[in-house]
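Chemist:
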Amino acid sequence: MARRKSSAKKNAPTRDLEDLLVSGLRLEPGALCITGLANCCDKIFHPRTAPRSNNVLRAAMQFLARDRTVEEQTAMRGSRLFQCRCDLKDSFIASLHEPVSNVDALNFTILELAFAIMDALSPRPKDAPIPDESGKDLDQIVLGMTDWNELLEVEDQLGPLPSDWVLPEELQAKVAASEPQKRGPKEAPWPSDSEDVLPSTRPMAQTLHNLLLWTGEPCGGSGIFLLVSCLSDYSPSFAAEIPASHMALPCALLHLEQALDRFEAKAPPNTFRLAIAAVTHFLHKMPKERFVLLLTTFRDLLVDSAARIQPALAEIPGAEAVFAKAWWASVQQSIDAGPEFPWEKYDRPKPPRPGPVDDPAQIFHSIHAHRARSRCNKPDCPNRSEPPKTMMFCRRCALACYCTEACQKQAWTKGLAPHKPLCNAVDELRRAMDLQTDVQWKAVLNGTEGNTEPEVAFVEICKTKTVDSSLLESIAGRLAYHDMAMDAMDPCK
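Under the UniProt record's numbering, think of the first position of the sequence shown as 1, with each following residue one higher.
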């Protein structure tokens, strides 16, 4: 099971739990650590039919949308929130330190908070079955689920139960309905107005930016994408900020790519299902004309995702996978029909039809520009003043440089643009060019062998070895994606 059933202190006053959760979300001195907050979420939000505290929902939204710099977000896992200083001699506090899920405490908490907010903004029947109708939109399917665990669950070895299966009456637990808790005058339903959700004192673009900072989390980030989609329904003004954001689509594509990496590595279904559904839902919610405009920038990445996602969707049961397959197929059709789009209507020049990158000289120029960046290649690195001469290049690809070994390790598989896929593609290019040693590869890049210009030597080897143009195209796309991520995280942009 993805989440254990609450056991300790079942009769603990809900108000006490709510006060502890609110205190923790406000990061007050002496508040619970993240494990304690996850336990509070587990007890407060399950079952989902329980009434929601106005104070909890308000604190949840403020916590997720709080202004943070990229550096502060990155440093969060080293903050006091993750350093347990709770009074474990108190039996009640100690009972809030049990593992609640096979998802880590932070991701569990983010998911629970996001779904609690969505429940309040768009209430729906909590026990509605998932319909098996391929014509339904993915947003109706995903948001119609009773619990985010629906997509995180690993199926039983005997397979899923039939959709019309009902637990026999003699096996149904006789549970007395709990009396609704009385609420005081300060516990009016949340939100009381739009200011509760999207305060006018903060630009909506900033709120979107703050939420997107959470999408680097593998499971919690999926909940954030669904929450952003929900907020776009709640506020048309907020929805308009999504296609205008420099972060939204890069974050979504990264989240999807990492989920597909886990699928291809044969990880359990609960590590990729929710992410695939959430990102597809998020992309689907974009206005079509705005989405098609974005295809001009992200075409290669979307083509790659559309091809990679089909085998993964086969692992997701139900109508959501049927719809998602059709939706991604329509994305490919939109990409193919790019030049026929009415560009003049949107005051945009008609783009040339993208073709394969078959000129090695283009790749060499892209590599040269990428290597010439004068700061750490970890997109969210706060170090903006490190002298270029002290930077350390990746020994394997010699394309990315870092200010510290810590940045290099973190950038390998984490962050907005992990280095691993690009480095692997360059390694494949080196083998295709028969440049087996690091010295040979760097000599070609720097032009340190012979009198031939580096670009000419690079092009000549590619032609002599008949390097596959699809490999060059893949490297060009990943270089562009990384540069875009660097720009998106640059506060000066």
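A virtual CB, placed ideally from N, CA and C, is assigned to each residue, including glycine.
(1) So, for leucine 226: in the same chain, excluding its five sequence neighbours on each side, which residues have a beta-carbon less than 6 Å away from its beta-carbon?
(2) Determine the DSSP secondary structure at methionine 392, reduced to helix, strand or coil.
(3) Exposed or buried, which one is glutamine 206 when buried takes at least 16 other CB atoms within 10 Å?
(4) Once you ignore the five residues that flank leucine 479 on each side, which residues in its own chain have a CB closer than 6 Å to its CB?
(5) Under DSSP, the alpha helix (DSSP H) around asparagine 446 begins and ends at which residues?
(6) Taking the alpha-carbon positions, what's the arginine 26 to alanine 60 distance?
(7) What are the partner residues of serine 192, as DSSP defines its beta bridges?
(8) Below 8 Å CB to CB, which residues in the same chain sit around threonine 464 once its five sequence neighbours on both sides are set aside?
(9) So which of Ala329, Leu213 and Asp359 has the shortest CA-CA distance to glutamate 455?
(10) Using a Cβ-Cβ cutoff of less than 6 Å, which residues in the same chain neighbour serine 178 once the five nearest sequence positions on both sides are dropped?
(11) With a threshold of 6 Å on Cβ separation, who are the neighbours of proline 129 within its own chain once the five nearest residues in sequence on each side are excluded?
(12) Relative to the alpha-carbon of phenylalanine 92, which residue among Val100, Cys40 and Asp104 has its alpha-carbon at the smallest distance?
(13) Would you mind working out which of Gln410, Cys381 and Ala372 sits nearest alanine 398, comparing C-alpha positions?
(14) Alpha carbon to alpha carbon, what distance is there between leucine 212 and aspartate 304?
(15) Note down the Cα distance separating cysteine 407 from aspartate 438, rounded to an integer number of angstroms.
(16) Classify residue 494 as buried or exposed, calling it buried when 16 or more other Cβ atoms lie within 10 Å of its own Cβ.
(17) Our contact map puts leucine 113 next to leucine 81 with C-beta atoms below 8 Å; I'd like the distance itself, whole angstroms only.
(18) Three-state secondary structure (DSSP) at residue 503?
(19) Can you have a look at threonine 390 and say buried or exposed, based on whether 16 or more other CB atoms are within 10 angstroms of its CB?
(20) Quick check on this structure: which residue in Ile34, Pro382 and Ser79 has the alpha carbon closest to the alpha carbon of valine 100?
(21) Assuming serine 232 is part of the alpha helix (DSSP H), what are its boundary residues?
(22) Taking 8 Å as the threshold, find out whether the region 428-436 comes into contact with the region 409-418 through three or more Cβ pairs.
(23) From the DSSP output, in three-state form, read off glutamate 315 for me.
(24) Quick check: what's the CA-CA separation for alanine 94 versus aspartate 87?
(25) Taking Cβ positions, are proline 287 and proline 243 nearer each other than 9 Å?
(26) Would you kindly report the start and end of the unbroken alpha helix (DSSP H) that includes glutamate 428?
(27) Can you tell me the Cα-Cα spacing of isoleucine 44 and leucine 17, whole angstroms?
(28) Cutting at 6 Å between CB atoms, please list the residues of its own chain near arginine 66, excluding the five before and the five after it.
(29) Need the endpoints of the alpha helix (DSSP H) that serine 251 sits in, please.
(30) What are the boundary residues of the alpha helix (DSSP H) that valine 456 is part of?
(31) Specify the secondary structure class of cysteine 401 as computed by DSSP and reduced to three states.
(32) State the Cα-Cα distance for the pair residue 534 and alanine 265, rounded to the nearest angstrom.
(33) CA-CA distance, valine 70 and glutamate 460?
(34) Where do the ends of the alpha helix (DSSP H) carrying lysine 43 lie?
(35) Should glutamine 258 be labelled buried (16 or more other beta-carbon atoms within 10 Å of its own) or exposed?
Modeler: The relevant details are as follows:
(1) Here the question's residue 226 lines up with position 226 in the sequence shown. Excluding positions up to five away in sequence, the list reads Ala278.
(2) For the purposes of this step, residue 392 is identified with residue 392 of the sequence shown, where counting begins at 1. Strand.
(3) On the sequence shown, position 206 is the one that residue 206 refers to. Glutamine 206 should be labelled exposed.
(4) As a first step, residue 479 must be located in the sequence shown, where it is residue number 479. Once the five neighbours on either side are set aside, the close Cβ partners of leucine 479 are Ser366 and His370.
(5) In the sequence shown, counting from the first residue as 1, residue 446 sits at position 446. It spans 438-446 - the alpha helix (DSSP H) in which asparagine 446 sits, taken as one unbroken run.
(6) Residue numbering aside, residue 26 sits at position 26 when the sequence shown is read from its first letter. Residue numbering aside, residue 60 sits at position 60 when the sequence shown is read from its first letter. Each residue's alpha carbon lies about 9 Å from the other.
(7) Position 192 of the sequence shown, counting from 1, holds the residue named residue 192. Serine 192 is not bridged to any residue.
(8) Residue mapping note: residue 464 aligns to position 464 of the sequence shown, counting from 1. Closer than 8 Å at the Cβ level, and outside the excluded window around threonine 464, lies no residue.
(9) On the sequence shown, position 455 is the one that residue 455 refers to. With distances taken between Cα atoms, glutamate 455 lies closest to Asp359.
(10) Within the sequence shown, the letter at position 178 stands for residue 178. Here serine 178 scores only 38 on pLDDT, less than 50, and its place in the model is too uncertain to base an answer on.
(11) On the sequence shown, position 129 is the one that residue 129 refers to. Note that proline 129 scores 39 on pLDDT, short of 50, meaning its location in the model is unreliable; the coordinates nonetheless yield the value given after this. If we look at proline 129 and ignore the five residues flanking it on each side, it has no Cβ neighbours.
(12) For the purposes of this step, residue 92 is taken as the residue at position 92 of the sequence shown. Per the Cα distances, Cys40.
(13) As a position in the sequence shown, residue 398 is number 398, starting the count at 1. Out of Gln410, Cys381 and Ala372, Ala372 has the C-alpha closest to the C-alpha of alanine 398.
(14) Looking up residue 304 in the sequence shown gives position 304. Looking up residue 212 in the sequence shown gives position 212. Approximately 23 Å, taken between the alpha carbons.
(15) The residue you call residue 407 lines up with position 407 of the sequence shown. The residue you call residue 438 lines up with position 438 of the sequence shown. Whole-angstrom Cα-Cα distance: 22 Å.
(16) What the structure shows of the chain is the stretch from 1 to 493, and residue 494 is not part of that stretch, so it cannot be assessed.
(17) Indexing the sequence shown from 1 puts residue 113 at position 113. Indexing the sequence shown from 1 puts residue 81 at position 81. Contact flag wrong, Cβ pair sits at about 14 Å.
(18) Look at the range of the chain in this structure, 1 to 493, and you will see that residue 503 is not part of it.
(19) For this step, residue 390 is matched to residue 390 along the sequence shown. Threonine 390 is exposed by the Cβ-count criterion.
(20) Here residue 100 refers to the residue found at position 100 when the sequence shown is read from its first residue. Of the listed residues, the one whose Cα sits closest to valine 100 is Ile34.
(21) Residue 232 sits at position 232 when you count from the first residue of the sequence shown. Start and end: 220-234.
(22) no
(23) Residue numbering aside, residue 315 sits at position 315 when the sequence shown is read from its first letter. Correct three-state label for glutamate 315: coil.
(24) Within the sequence shown, numbered from 1, the residue matching residue 94 stands at position 94. Within the sequence shown, numbered from 1, the residue matching residue 87 stands at position 87. Cα-Cα distance, rounded: 7 Å.
(25) Here residue 287 corresponds to residue number 287 of the sequence shown, with the count starting at 1. Here residue 243 corresponds to residue number 243 of the sequence shown, with the count starting at 1. Closer than 9 Å, so yes.
(26) As a working note, residue 428 is residue 428 in the sequence shown. 420-432 is the span of the alpha helix (DSSP H), which, as asked, contains glutamate 428.
(27) Walking along the sequence shown from the start, residue 44 turns up at place 44. Walking along the sequence shown from the start, residue 17 turns up at place 17. Going by the C-alpha atoms only, they are around 7 Å apart.
(28) As a first step, residue 66 is located in the sequence shown; it is residue number 66 there, counting from the start. Nothing listed; no residue qualifies.
(29) Sequence index remark: in the sequence shown, residue 251 carries index 251 (1-based). Before going further, note that residue 251 is cysteine rather than serine in the sequence given. Looking at the DSSP string, the run of the alpha helix (DSSP H) that includes cysteine 251 is 248-264.
(30) For the purposes of this step, residue 456 is taken as residue 456 along the sequence shown, with counting starting at 1. Run containing valine 456: 454-464, per the alpha helix (DSSP H) assignment.
(31) As a position in the sequence shown, residue 401 is number 401, starting the count at 1. Residue state, collapsed to three classes: strand.
(32) Outside the modelled stretch of the chain, which goes from 1 to 493, sits residue 534, for which no answer is possible.
(33) If you number the sequence shown from 1, residue 70 lands on position 70. If you number the sequence shown from 1, residue 460 lands on position 460. Answer to the nearest angstrom: the Cα atoms are 43 Å apart.
(34) One-based indexing of the sequence shown puts residue 43 at position 43. Counting along the chain, the alpha helix (DSSP H) containing lysine 43 begins and ends at 34-44.
(35) If you number the sequence shown from 1, residue 258 lands on position 258. Buried, because 16 or more other Cβ atoms sit within 10 Å of the Cβ of glutamine 258.
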